[in-house]
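Notes follow once the structure below has been shown.
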Amino acid sequence: MVGSPVFKAKRPPTLQSILDHNFVLFPIVVFTLLVLSNVVSCNGNRLHLLETREAHRLNSVWESHYGSFLKNYYSPERKMSRTPSSDEGIFSNDSPSAPVPGPDRCSNIADNDKFDCLPRGQVSEEACTSRGCCYRESPLPHIPYCFYPKQYNSYKYTSFTKTEFGYNATLAQQFKSPFPNDLPKLFMDVQFISDEALLIKITDEKNTRYESPVPELPTARKVLEAPLYRFYLNPNSTGFKIIRNSNNLTIFDSEDVGGFTFSDQFVQFSAKIPTDNIFGLGDSRHTFRVGTQWRTVTMHNHDRVPANNVNGYGSHPVYMGLEPDGLAHGVFVSTSYSMDVVLQPSPAITYRILGGPLIIGVFLGPTPLDVNSQYVSTIGKPHLPPYWSLGFHLCRFGYKSLDKMEKIWNQTRTAGIPFDTQWTDLDYMKNRNDFTIDDVAFKNLTKFVDNLHEVGMHYVILIDPGVSGGEEKGKYPPFDEGLKTDIFVKDPSGKKPLYGKVWNSKSTVFPDFSHPQVIAYWLKMIRDFHSQLKFDGAWIDMNEPSNMIDGSLDGCPNNMLENPPYVPAVDGAKLNYKTICMSARHHDVQHYALHNVYATLEAAVTAFSMLNVRNGMRPLVISRASSPGLGHYAGHWSGDVMSSWDDLAQSISDMFSFSLFGIPLMGADICGFNGNTNVELCTRWHQLGAFYPFSRNHNTDDAIDQDPVSLGIQDVVAKVLYQRYFFLPYLYSLFWEAHITGAPVVRPTFYLSPEDPTTYDLEEQFLWGDGLLISPVLKQGFSFVTPYLPKGKWYHVNEWSKMEGTVLSVTSAGQRYSIPSPQSSSVPVLARGGRIIPCQKPAQTTTASRKNPFCLLVALDNSNSSSGSLYIDDGETFDGNYNLINFEAKSNQLNSKVIAWQYDGDAPFTLGQVTILGNFSHIKSVDVLGKSLNFTFIPPTVLIVETDWNLKNIFTLTWS
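Structural data, given as structure tokens:
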């Protein structure tokens, strides 16, 4: 809650006495009491004890992989909101007004260095000078007429102390801002979290400001050993500098830049930055390279068809900067409040946030990969998805009946298309209500799902956060239980649920995913429904949260939360546009302060529930809305994109953004969601989508069928999906690397060569890891691609099944190459010299593929060496047993090294084939540990070796 008195929420009863002070995860215990009480009363305490032991086991599984956030945040002992109220004495408007600047402070300020002092409202000289700012009209667009003078020292440091792990400082306001409820005294805590990263927190002197519950930032601090940075503060100025030690480059300079403002509902700070090569800042539709040409990126989670310059489904205030010498850094602002981020050609950046505290993370890299990993490790490294989720998924809104869905499912399988997971949208629900099945159109759905499982496939359902609020009492348990446990978001009065309107026939209420009892509620809903329908994954949509009306059925009050002093450039021009009231009450805070993280809290609760109902199996959760930390629990798809060539191309930029955001399990709806696709577009989209980390075909209810068979493109789709399945061991190994280190799965080309500016704007090609480059056709009528290949050796892997004699082998100096890509072919994939790519003989499902022999694609570099690794586990549990094998090729030898071998499983783990790509004059013999092997040599590039080796055993393969 911001700017109004804290209300007292009703606390749930403590369970400590029941548990005899042995605390387990609160929601599990609540669930045990709610669901098992009848069973216990009939069968005695022994079953209750067994169930509690199982709850302990699942809790341990969860915490060992996801951490203790749920236990801590959803504890009944959680402190109430730390949001201040106006009577706590931390606000003031008693400071003097800003002095009118003299001519010397307004002259000689270049247009690109003018920071807007009056970003909203009517601009006039009188209004401008009353803020202590300069007024100069300009004929050029974007240049602010009203801008801050030099040395606009709104705050002054009053103390500065070095600590063991950083610095502390206090600041006092020198003159009031034009916004109500200034904070006259501030406290700054500079925290060194590693030699590569630091966090800077600025808040009120009592540290009472509301802080976002997610992401969970690291609490460990470090005494620096070899820091890449230094923190500089001038006590006579406002702001600070972060300087790179290796070259003394200032990468973030807020010292006397713009106008630092810290009021109750408006926090603003600006900084000069050393580059215009800025990447990230989402989730609005733009290229990955944002640039600094007077661009505003608005962050306020919002449901609408993705469009340029409009706030989108998620909010991610993080960017990566590439410096003039190719070194990289990152800057992140941790907040749940909505904001505008303004980039200008100085180059400089300004943040305008609707609340505090201000928490800034700075990451020094020095490589792009380092920055990505450092940021993601700070907000929560991504979950390791189940192996089956990396297969192909098929869905649509508008199946309308099980018969129609089953027909498409059958024809897809009959066509031989690799296919792992069937999804259903709203169609399966009765009256479009969560946790129900249409007993007419989908009456045999349970049997169909059983059949899916029998053939090694999986099933995912849509679950919207909105629960029907218009059902008859006692007839709809999700509503009845929510009222009983008091877990719905309340209207501004705090006395009853807020009623909006989503898909439900009459009205919709919204679970409060910040409420301590919501896990017990959500787990019960999912478990009860799962007992009817054995779904394997949860698709959480409409969770911005979306609302088909503005605010609520009863409207919203006219107050400072609905109409704050500053409104970011949001679609609809108001914060409650197509969402719920900002004054709506969560457990201990208003929606205003929690809006952008609603979906991430829902994702965490849903992932926990899915893990429980599926007996400890890894959950698959795919969310539309997002914020920092979502990737720790869920994946993402890019929403209701259009069936257009522009949206096809945009999906690559979106993958880059979400790789930086720490959400690697991501993709767009193949062929597009809105509008009708066509054969050429849908073919090209499948060729690209086969290399999305999350690969799903999905479209809307009033469009044509766009599954491959219905469009008559089954042959080429089967070919390109077999190509995907061939490389799945490599993709899964990359997801494991992301889970362990925070490294992205999909990467822009500049991650390989950040010193090469040509790569900065390459958004028509992408990398899997650092070993495969994918170059799809993105324009209508084209039959070739022209990928830019960074310096080094590259090989065109043009068929999944074999290496043909026409393999392109080039040593690039950093240039483009033209490669044919007819519509009937698989997508051009290039292997990078120096990397060993694990692969596997593909089958129609991942279940079947995992039983097949592995293979290796050894791409030698110009020194005839290469390396890589393969990660293997059971693909679905958290039991911790895994195999890790490293491979290295050099001097005409390929060696394996087993780093870990803990998982034996059912498969033989046979290495069936090794394909070596290089530049060979001749090959006379190939042997492994002295035993001759059969091989095929296609001069001068391809050597294919047939093997029958158990990967558990180390080997040395030699060719001569």
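Just so it is clear: in the sequence shown, position 329 is 329 by UniProt numbering, and no numbers are missing. For glycine and all other residues, C-beta sits at the position ideal for the given N, C-alpha and C. Since we're looking at a predicted model, the values are computed, not measured.
query: Which residue spans inside the segment 151 to 214 form an unbroken beta strand (DSSP E) run of at least 3?; result: 155 to 163, 166 to 173, 185 to 192 and 197 to 204
query: What are the uninterrupted segments assigned as alpha helix (DSSP H) that are 4 or more residues long and contained completely in the segment 832 to 868, given in chain order?; result: 846 to 849
query: Hey, quick one: how far does the beta strand (DSSP E) through Glu888 stretch, first residue to last?; result: Asn883 to Lys890
query: Nearest to Asp464 by CA position, among Glu196, Asn504 and Thr749, is which residue?; result: Asn504
query: Rounded to whole angstroms, what is the Cα-Cα separation between Met339 and Met299?; result: 5 Å
query: Specify the secondary structure class of Asn547 as computed by DSSP and reduced to three states.; result: coil
query: Can you find at least 3 beta carbon pairs, one from the segment 628 to 645 and one from the segment 93 to 105, that sit closer than 8 Å?; result: no
query: Thinking C-beta only, is Thr759 closer than 8 Å to Phe766?; result: no
query: Out of curiosity, what's the CA-to-CA distance linking Lys473 and Ser75?; result: 30 Å
query: Say whether the segment 341 to 352 touches the segment 592 to 609, bearing in mind that this needs 3 or more beta-carbon pairs closer than 8 Å, one atom from each stretch.; result: no
query: Which of the three DSSP states is assigned to Thr287 in this structure?; result: coil
query: Going by DSSP, name the residue or residues bridged to Ser338.; result: Answer by DSSP bridge pairing: none, since Ser338 is not bridged.
query: Assuming Ser92 contacts Pro180 (C-beta within less than 8 Å), just tell me the rounded distance between them.; result: Incorrect: roughly 10 Å between the Cβ atoms, too far for contact.
query: Please report the straight-line C-alpha distance between Leu502 and Pro908, rounded to a whole angstrom.; result: Sequence check: residue 502 is Val here, not Leu. Taking the straight line from one Cα to the other gives about 50 Å.
query: With the cut-off set at 8 Å, would you say Val449 and Leu533 are in Cβ contact?; result: yes
query: Measure the C-alpha to C-alpha separation of Val777 and Asp480 and round it to an integer number of angstroms.; result: 52 Å
query: For Gly380, count neighbouring C-beta atoms within 10 Å of its own C-beta (all shown protein chains included) and say buried if the count is 16 or more, exposed if not.; result: buried
query: Looking at Tyr730: is its Cβ nearer than 8 Å to the Cβ of Ile837?; result: yes
query: Do Ser507 and Leu553 come within 8 Å of each other at the CB atom, strictly closer than that value?; result: yes
query: Can you list, in chain order, the residues of its chain whose CB lies under 7 Å from that of Asn543, leaving out five sequence neighbours each side?; result: Pro465, Tyr598, Ala599, Glu602, Ser623, Arg624 and Ala625
query: How would you call Pro754, buried or exposed, if buried means at least 16 neighbouring beta carbons within 10 angstroms?; result: buried
query: Buried or exposed for Thr683, please, with buried defined as at least 16 other CB atoms from any protein chain shown within 10 angstroms of its CB.; result: buried
query: What's the C-alpha gap between Ile740 and Pro386?; result: 15 Å
query: How would you write the range of the alpha helix (DSSP H) that Thr600 sits in, first residue to last?; result: Tyr598 to Val613
query: Suppose you measure from the CA of Val746 to the CA of Arg289; what does that come to, to the nearest Å?; result: 16 Å
query: Would you please state the rounded distance, in angstroms, between the beta carbons of Asn862 and Thr811? I believe it to be under 8 Å.; result: 6 Å
query: Below 8 Å on the Cβ atoms is my contact criterion, and I expect Val509 with Arg585 to pass it. Report the Cβ-Cβ distance as a whole number of Å.; result: Not a contact, Cβ separation roughly 13 Å.
query: Within the chosen definition, does the segment 697 to 710 reach the segment 394 to 404 through at least 3 CB pairs nearer than 8 Å?; result: yes
query: Measure the CB-CB distance between Phe187 and Thr203 and report whether it falls below 8 Å.; result: yes
query: Within the continuous alpha helix (DSSP H) that includes Ile740, where are the two ends?; result: Leu728 to Thr741
query: Going by DSSP, which residues form a beta bridge with Met642?; result: Asn674
query: Okay, do the segment 352 to 360 and the segment 326 to 334 touch, 3+ Cβ pairs below 8 Å being the bar?; result: yes
query: State the DSSP-derived secondary structure class of Ser60, mapped to helix, strand or coil.; result: helix
query: Which ranges does the beta strand (DSSP E) cover as unbroken runs of at least 3 residues, wholly within the segment 445 to 473, from first to last along the chain?; result: 458 to 463
query: Measure the C-alpha to C-alpha separation of Asn38 and Phe269 and round it to an integer number of angstroms.; result: With a pLDDT of only 33 at Asn38, under the threshold of 50, the placement of this residue in the model should not be trusted, and no figure is reported.
query: Mind listing, in chain order, the continuous beta strand (DSSP E) runs of no fewer than 3 residues lying wholly within the segment 745 to 799?; result: 766 to 768, 772 to 774 and 792 to 797
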